[in-house]
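Numbering (this note's numbering), first residue to last: 2 to 118.
Think of the CB as a built atom: it goes at the ideal place given N, C-alpha and C, for glycine as much as any other residue.
Have a look at the structure below, then the notes.
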């Protein structure tokens, strides 16, 4: 019974973490990039750590073939793919916005220097 309870608790924790990351992903998609990116990174780190612990636990109990773990693997592979794609897209947007702001500052600086001459 303790084997099932231990794996169930890992699965429950990962489910909760997954829901939390889904909410953060929604924030990113809604344009709240800067604050949500660090939360996403922290959540992904926690998920990676939890999954590693779960795999070690399941491996030590020879339960890697447990259907719940196979379903969890599939679920998290999809989530990681979605989250990493979203983070990469957000990074590119932020880089583009930063470059645009920088070019505006350069243009304004050049204009002011030209006006001062």
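Unbroken alpha helix (DSSP H) run spanning residue i, endpoints
{"i": "residue 46", "result": "34-61"}
{"i": "residue 108", "result": "68-117"}
Beta-carbon contacts of residue i that lie in its chain and below 7 Å, excluding the five residues immediately before and after
{"i": "residue 95", "result": "34"}
{"i": "residue 7", "result": "58"}
{"i": "residue 12", "result": "69, 73"}
Member of the options whose CA lies at the smallest distance from the CA of residue i
{"i": "residue 86", "options": "42, 18, 71", "result": "42"}
{"i": "residue 26", "options": "44, 98, 11, 9", "result": "44"}
{"i": "residue 93", "options": "32, 13, 10, 53", "result": "32"}
{"i": "residue 28", "options": "53, 8, 73, 88", "result": "88"}
{"i": "residue 130", "options": "52, 36, 116, 106", "result": "Absent from the structure is residue 130, since the part of the chain shown begins at 2 and ends at 118."}
{"i": "residue 40", "options": "112, 23, 50", "result": "23"}
Other residues of its chain near residue i: CB distance less than 6 Å, five sequence neighbours each side excluded
{"i": "residue 119", "result": "Given that the chain is displayed from residue 2 to residue 118, the structure contains no residue 119 and the question cannot be resolved."}
{"i": "residue 65", "result": "59"}
Own chain, CB closer than 8 Å to residue i, minus 5 neighbours either side, in chain order
{"i": "residue 101", "result": "none"}
{"i": "residue 77", "result": "15, 19, 48, 52"}
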